[in-house]
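Taken in order, the sequence shown gives residues 6 to 166; the numbers are from our numbering. Shown next, in structure tokens, is the structure this report addresses.
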Amino acid sequence: MATHHTGADSERRALNMFIALTRASDWYHRGALTRAPLPDSLTITQFGVLEALYHLGPMCQAEVGRKLLKTKGNVSVVIDRLAHRGLVERRPQEDDRRYMVVELTEAGREVIAEYFPKIAAGFAESASVLTADEQKTLTRLCTKLGRGAQESIVSQKGTRE
Numbered sequence: 006m007a008t009h010h011t012g013a014d015s016e017r018r019a020l021n022m023f024i025a026l027t028r029a030s031d032w033y034h035r036g037a038l039t040r041a042p043l044p045d046s047l048t049i050t051q052f053g054v055l056e057a058l059y060h061l062g063p064m065c066q067a068e069v070g071r072k073l074l075k076t077k078g079n080v081s082v083v084i085d086r087l088a089h090r091g092l093v094e095r096r097p098q099e100d101d102r103r104y105m106v107v108e109l110t111e112a113g114r115e116v117i118a119e120y121f122p123k124i125a126a127g128f129a130e131s132a133s134v135l136t137a138d139e140q141k142t143l144t145r146l147c148t149k150l151g152r153g154a155q156e157s158i159v160s161q162k163g164t165r166e
């Protein structure tokens, strides 16, 4: 579906690109999760927390939120639920006790270690409609687009302060 906006060509291109990116991302994501459904009724955000901690190690709660592009309140609720299930634990940061470090428990490590290879294979299968070079090009272009949008947001915040 293309945009029905009748504005400038640059606006129509940008809106069509947004629609295509959003739809592709949604179907890509659904395809991977169809091939490898999330375990134990985890949400995608809970999985993201477990995955980040598994691959990056313990980190403060605020950093988890930044990695997942989630608000402080949202990530706090997600971590609360994971802690309640015994998959992560919080502890005060040694050099600054105001910050809570989040880390996987043994149970959390087992869940993500068993599941992650399945989801990685699901994403690989979903991406297989593109050649390896096309996947690299798409990654490069999405990274460029994301960084450009991020820089624009940061510069706009700076001009308002």
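Glycine is no exception: its CB is placed at the ideal position from the N, C-alpha and C atoms. Values in this document were obtained by computation on a predicted structure and should not be read as measured data.
Nearest neighbour of Arg18 by Cα position, chosen from Ala7, Ile84 and Gly127, turns out to be Ala7.
Between the stretch 66-73 and the stretch 35-54 there are three or more C-beta pairs closer than 8 Å, enough to call the two in contact.
In the displayed model, Arg95 falls within a strand according to three-state DSSP. Annotation: Leu146 to Ile49 spans about 24 Å, alpha carbon to alpha carbon. With fewer than 16 other Cβ atoms from the protein chains shown falling within 10 Å of its own Cβ, Ile24 counts as exposed. For Ile117, the number of other beta carbons within 10 angstroms of its own is at least 16, and it is reported as buried. The bridge partners DSSP lists for Cys65 are Val106. DSSP places Met6 outside both helix and strand once states are collapsed to three, so it counts as coil. Straight through space, the alpha carbons of Val83 and Ala37 are spaced by roughly 22 Å. In this structure Pro63 does not touch Val134 by the C-beta definition: roughly 37 Å separates them, more than the 8 Å allowed.
Assignment of Ser15 by DSSP, reduced to helix, strand and coil, places it in the helix class.
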